[in-house]
Amino acid sequence: MSRRGVSGSRSGLAPGLRFGAVEDAAPLQHHPTTGPATSPDSGSPATDGNDRLAAARTEEFTDLFREAVTEDFGAVARLHQMLETTSEWCRVHGARSSASELDAIASRLTDLGEELHLVAENVDHEIRSRAHQAAAAAGLSPAASARGTSPGQRNDAPAPVPPSVTRSLPRSR
83 MSRRGVSGSR
93 SGLAPGLRFG
103 AVEDAAPLQH
113 HPTTGPATSP
123 DSGSPATDGN
133 DRLAAARTEE
143 FTDLFREAVT
153 EDFGAVARLH
163 QMLETTSEWC
173 RVHGARSSAS
183 ELDAIASRLT
193 DLGEELHLVA
203 ENVDHEIRSR
213 AHQAAAAAGL
223 SPAASARGTS
233 PGQRNDAPAP
243 VPPSVTRSLP
253 RSR
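Encoded structure:
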């Protein structure tokens, strides 16, 4: 959910979003024995996403986190869609004050989505940085090879420090 937005979306969060509903999307279905509503094509409640994150290998965690939280159909986008749908329903049925409150919450959620996107980038940077440091400690780093040190030789030169990542967070309203 970067500031790039998505064309065709009133919110900029999900493609095909019009008045809070994804065009041509199957409605959420409630199955009496499984509990929470699930999308017919996913077949699994949100807890499966949490389980996947908890069990993720280091190299797949960042992609899973982005998919679950910040992608166009991640948790934040789905909640944003629900808020827009509810706001539109309230507006159509004369509950304009509630619609305005829901719009304000949706706006704050957009900011939260931006922050989560930045966290995902920072997690990715930290994981790559740590992997680089571990490789350097084992004497297998590409930087050590470039300096002429073979993997079996010890090199007391410090590993290069990766550049720090500094990003400003979205402004609060």
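Take the position in the sequence shown, starting the count at 1, then add 82; the result is the number in the numbering used here. No residue lacks a Cβ here, since even glycine has one placed at the ideal position from N, Cα and C. As the structure is a computational prediction, the values presented were derived from the model and not from experiment.
{"query": "C-alpha distance - residue 188 paired with residue 218, whole-angstrom precision", "result": "45 Å"}
{"query": "Cβ-based burial, residue 140 [other Cβ within 10 Å; buried from 16]", "result": "exposed"}
{"query": "Three-state class that DSSP yields for residue 131 in the structure shown", "result": "helix"}
{"query": "Simplified DSSP assignment, three categories, for residue 210", "result": "helix"}
{"query": "Straight-line Cα distance separating residue 174 from residue 192", "result": "23 Å"}
{"query": "Cut-off 6 Å between Cβ atoms - residues of its own chain near residue 177, not counting five sequence neighbours on either side", "result": "none"}
{"query": "Between the CA atoms of residue 156 and residue 179 - distance to the nearest angstrom", "result": "28 Å"}
{"query": "Residue 154, DSSP secondary structure in three states", "result": "coil"}
{"query": "Cβ-Cβ separation, residue 144 to residue 205 (assumed contact under 8 Å), whole Å", "result": "6 Å"}
{"query": "Contact belief for residue 184 with residue 168 at Cβ below 8 Å, rounded distance in angstroms", "result": "5 Å"}
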